[in-house]
Amino acid sequence: MQQREERMKEKLSGVRHRIAVMSGKGGVGKSTTAVNIACMLAKRHKVGLLDADIDCPNIVNLMGIEEKFDNSYQPAEKYGVKVSSMSLIEMESGPTMWRGPLIHSAIMQLLELTEWGTLDYLIIDMPPGTSDAALTIMQFVGINAAVIVTTSQDLSMMDAAKSAKMALGFYKPVGIVENMSGEVFGSGGGETLASELSIPFLGRVELSKQMRESCDRGVPAVMNNINVKNFEVIVSNIEKMVK
Ligand SMILES: Nc1ncnc2c1ncn2[C@@H]1O[C@H](COP(=O)(O)OP(=O)(O)O)[C@@H](O)[C@H]1O
Ligand SMILES: [Mg+2]
């Protein structure tokens, strides 16, 4: 076990900022936000994106990546972002249901294998909520900042508050992004939550058909010129937050 931990540490040793993208709930746009933040950051930094949502590893779909790992375990690379995910591991009969210990070992395996090299930022798409899997990743990746994604809906905010409090127990800084802002889920909740918790509000992204369509095409919105300004604000607030 100690050897495995050392191998994981070694593989991540060239990575400076390790930023978890978290949410209380699934479906609030955590993966979408992670992908767009990574692509925007990659315009001026060396960036990696770790798909740590083992149950729903969506990152390769959202980035339009089709390749698999070869023997060198170099991450896939797209839009200047290095990507690692369970989906890059070729599986003979792909397990689709993960039990606790398996998730734990899958995460460890991914961290032991991936050759990140030197990175300014590693963005980690976390499993939703405050599960065991989330704790495993926090422990092994050495995360040092978090971005909590929430909609303005009461339930999402309640769960986001829980995630934020858990994150704050492990690392600071923690900031909030409001996604799917607008008529359907409301807006302003992100700022309210941020001020209640005395943490930075990083920015917002509206709910839009354009965003949804871009996801479905497997192209990150910002690479399609959608919401570039919003993500620019979010990313420069992240840069300030972790400085
Ligand atoms: N701002 C947005 N506007 C429209 N659709 C969005 C937006 N953000 C995310 N989506 C869509 O919502 C769904 C859930 O997003 P996803 O990033 O997979 O959430 P999570 O990772 O939190 O489960 C996806 O189908 C995605 O395309
Ligand atoms: Mg997701």
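For the sequence shown, my numbering assigns the number 244 to the initial residue and increments by one for each residue that follows. Backbone N, C-alpha and C fix where the C-beta goes; we use that ideal spot for every residue, glycine too. Owing to the predicted nature of the structure, the values given are computational and were not obtained by experimental measurement.
Per-residue DSSP class, three states only, for Glu248: Looking at Glu248 - three-state DSSP - the assignment turns out to be helix.
Pair within 7 angstroms by beta-carbon distance, Val420 and Val384: No, the Cβ-Cβ distance between Val420 and Val384 is not below 7 angstroms.
7 angstroms Cβ cutoff met for Pro371 and Ser266: Between Pro371 and Ser266, the gap from beta carbon to beta carbon is short of 7 angstroms.
Lys268 classed as buried or exposed, judged by whether at least 16 other C-beta atoms fall within 10 angstroms: Under this definition Lys268 is a buried residue.
DSSP-derived helix/strand/coil call for Ile424: For the record, residue 424 in the displayed sequence is Ser; it is not Ile. Secondary structure at Ser424: strand, using DSSP grouped into helix, strand and coil.
Close Cβ partners of Asn473 (< 7 angstroms) along its chain, the five nearest in sequence each way excluded: If we look at Asn473 and ignore the five residues flanking it on each side, its Cβ neighbours are Gly446, Arg447 and Val448.
Test item, CB below 7 angstroms from any non-hydrogen atom of ligand 2: In chain order, the hits are Gly269, Lys273, Ser274, Asp296, Cys299, Asn301 and Asp368.
Beta-carbon gap between Ile302 and Met329 smaller than 7 angstroms: At the C-beta level, Ile302 and Met329 stay beyond 7 angstroms of one another.
DSSP bridge partner residues for Asp375 (one or two, in chain order): DSSP, once it has assigned bridges, lists no residue as partnering Asp375.
Cβ-Cβ distance between Gly432 and Met400 below 7 angstroms: The criterion of a C-beta distance shorter than 7 angstroms is satisfied by Gly432 and Met400.
Coarse secondary structure for Leu440, derived from DSSP in three states: In the three-state scheme derived from DSSP, where H, G and I count as helix and E and B as strand, Leu440 is classed as helix.
Through-space distance from Ala437 to Ile332, alpha-carbon basis: For Ile332 and Ala437, the distance between alpha carbons rounds to 38 angstroms.
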